[in-house]
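Residue numbers (our numbering): 20 to 278.
The beta-carbon is built from N, C-alpha and C at its ideal position, and this holds for glycine as well.
What you are looking at is a predicted structure, and each value in this text was computed from that prediction instead of being measured.
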């Protein structure tokens with residue numbers, strides 16, 4: 020029983036993993052897995068038992084600090100910006116024209132942010148729209164429609180040209196021309212663990228991160244078998260000693276004289 024208990028404890032310690040992000044949709048979970056792989060941390064996407072229809076991302080317990088630091092650098096998981104359907108219909112029971120216009124602008128900006136964050140390499144996107152409310156009693160709006168876009172991306176080369184961003188915003192927001200869109204792009208450095216993301220060490224053994232969990236499980240199984248064998252040998256040796264001690268205590272049988 021002691022040997023079995025030691026085997027179970029060893030296997031549990033080897034295969035232990037902890038979640039670092041939960042209640043995610045599949046797109047968010049995939050982005051986190053890719054970001055952690057880029058940072059050199061092996062991650063696994065699985066169904067979240069605490070949120071039906073959602074996913075969570077788990078890593079090995081000793082990799083959790085690195086995973087959390089990598090997610091902080093990547094600003095993940097990023098909150099989903101509200102779209103038009105999310106923004107419209109909220110607020111007062113009978114919204115005013117100004118309230119409806121503000122909700123429309125907020126929802127349109129959220130839709131544009133969603134579109135920009137789908138581009139490979141874009142970390143975050145913020146879109147600020149300044150759309151004057153079209154008042155039919157006025158001949159022309161008081162201010163000109165403008166927009167500002169802030170993109171954070173990973174790597175040295177922007178994933179999209181600034182002119183393409185301007186055309187995207189101008190094509191979606193009414194009354195805005197490409198010349199009235201200001202685009203600011205910020206490059207983020209590569210993750211600190213990206214240099215050695217392909218290799219990991221377990222004592223004197225060097226392997227890939229994808230094989231690390233299997234190697235640890237195999238090491239735990241071998242260790243558990245060794246512990247079980249040692250316990251079995253000790254039990255047999257103890258039993259043999261008791262048998263020998265019992266034989267030494269038995270008195271010799273008396274010889275029967277022949278008639």
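On the three-state DSSP scale, how would you describe residue i?
| i | result |
| --- | --- |
| residue 93 | helix |
| residue 84 | helix |
| residue 186 | helix |
| residue 98 | coil |
| residue 265 | helix |
| residue 197 | helix |
| residue 50 | helix |
| residue 119 | helix |
| residue 235 | helix |
| residue 205 | strand |
| residue 150 | coil |
| residue 258 | helix |
| residue 70 | coil |
| residue 174 | coil |
State the Cα-Cα distance for the pair residue i and residue j, rounded to the nearest angstrom.
| i | j | result |
| --- | --- | --- |
| residue 95 | residue 196 | 32 Å |
| residue 140 | residue 181 | 15 Å |
| residue 172 | residue 238 | 40 Å |
| residue 165 | residue 199 | 5 Å |
| residue 88 | residue 97 | 15 Å |
| residue 45 | residue 143 | 18 Å |
| residue 264 | residue 255 | 14 Å |
| residue 147 | residue 192 | 11 Å |
Does the distance from the CB of residue i to the CB of residue j come in under 8 Å?
| i | j | result |
| --- | --- | --- |
| residue 43 | residue 74 | yes |
| residue 169 | residue 145 | yes |
| residue 38 | residue 66 | no |
| residue 167 | residue 201 | yes |
| residue 188 | residue 131 | yes |
| residue 36 | residue 93 | no |
Using 8 Å as the limit for Cβ to Cβ distance, is residue i near chain C?
| i | result |
| --- | --- |
| residue 127 | Although the question refers to chain C, the structure presented lacks it and comprises just one protein chain. |
Quiz item: Is the region 83–90 in contact with the region 123–134, if contact means three or more CB pairs nearer than 8 Å?
Solution: Cβ pair count under 8 Å is below three, so no.
Self-check item: Touch test, the region 60–79 against the region 134–153, Cβ-Cβ under 8 Å, three pairs minimum
Solution: They do not touch, by the three-pair rule.
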